[in-house]
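*Asks:*
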Amino acid sequence: MTDMDTALKECMTIEGAIGVALVDYTSGMSLGVVGGGKDLDLTVAAAGNTDVVRAKLRTLEMLGLKEGIEDILITLDSQYHLIRLLTGRAGKGLFLYIALQRNRANLAMARHQLRKIESEMEL
47 MTDMDTALKE CMTIEGAIGV ALVDYTSGMS LGVVGGGKDL DLTVAAAGNT
97 DVVRAKLRTL EMLGLKEGIE DILITLDSQY HLIRLLTGRA GKGLFLYIAL
147 QRNRANLAMA RHQLRKIESE MEL
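Dropping the structure here:
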């Protein structure tokens, strides 16, 4: 099993990674952040994406869908922003958020690697 810091560092090895955060979507607070910088404030982005996760969960509930969210993709002109909800008991209410440079990232591979990292995380 992988601890949070190691998991976040592994996320940064994904091709095209700009930054990654582990976020509590009940509070909007980042539990850990790696990368980012002056062009991407991961704390602000993580808090904003909390609203995205909450909205999608509310929508599923209103629709009566008994589905879980695997991930949410936001495609920008030059970046992919990928949100992956944690599925383990200890990860309830948390998500991994990673920003990728679109011209360097392989989206299918990034999703695969993020799924693997999430499955090995121990909180």
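Per the numbering used here: the sequence shown = residues 47 to 169.
Each residue gets a CB set at the ideal place from its N, CA and C atoms; glycine is no exception.
The structure displayed is predicted, hence computed values, not measured ones.
(1) Enumerated in chain order, which unbroken segments of the beta strand (DSSP E) with a length of 3 residues or greater are wholly contained in the region 102-157?
(2) Return the first residue and the last residue of the beta strand (DSSP E) that L77 is part of.
(3) From Q147 to I120, what distance separates their C-alpha atoms?
(4) Would you mind stating whether L86 and S76 have Cβ atoms separated by less than 8 Å?
(5) Answer with buried or exposed for V90, where buried requires no fewer than 16 other C-beta atoms within 10 angstroms of its C-beta.
(6) Do the CB positions of T51 and E168 come within less than 8 Å of each other?
(7) Would you mind working out which of K112, I118, L111 and G83 sits nearest T96, comparing C-alpha positions?
(8) By a C-beta neighbour count over all protein chains shown, 10 Å radius and 16 as the cutoff for buried, is L68 buried or exposed?
(9) Alpha carbons only, please: which of N152, G83 and F141 is nearest the one belonging to T72?
*Replies:* In short:
(1) 117-121, 125-131 and 140-147
(2) M75 to G81
(3) 12 Å
(4) no
(5) exposed
(6) Checking the sequence, you will find Asp at residue 51 rather than Thr. Cβ distance not < 8 Å, so D51 and E168 don't count as in contact.
(7) I118
(8) buried
(9) F141
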